[in-house]
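A quick write-up on the structure given underneath.
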Amino acid sequence: MSKVPHPLHVVMFFVMALNFAIWQPFAWWRACAAVLMLGFGCYGIYVLRRSKRKETSQEPSELE
């Protein structure tokens with residue numbers, strides 16, 4: 031199983047965070063959930079970028 035999330039999963043964390051933040055009535059736990067989802071979304075972007083960097087750094091050695 032790949033540890034790299036699908037880009038759609040990362041986008042959905044941001045969509046869910048926005049949904050929780052604007053849904054009425056606003057409550058403190060909705061703000062906490064939105065911040066948590068934004069954190070997971072940012073971590074997903076970090077993992078995606080790190081995996082892309084590893085792929086590009088491995089390609090030149092495979093071509094030789």
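In terms of our numbering, the sequence shown opens at residue 31 and continues consecutively. Think of the CB as a built atom: it goes at the ideal place given N, C-alpha and C, for glycine as much as any other residue.
Minimum C-alpha distance to residue i - residue among the options
i: V34; options: G74, T86, Q88; result: G74
i: M67; options: P37, T86, V45, H36; result: V45
Residue i in three-state terms, based on DSSP
i: P37; result: helix
i: S32; result: coil
i: W53; result: coil
Exposure label - residue i; buried when at least 16 CB within 10 Å
i: F50; result: buried
i: A47; result: buried
Please give the ranges of any beta strand (DSSP E) in the segment 68–93, keeping only runs that are unbroken, at least 3 residues long and fully inside the region. With a minimum length of 3 residues, no continuous beta strand (DSSP E) run stays inside the segment 68–93.
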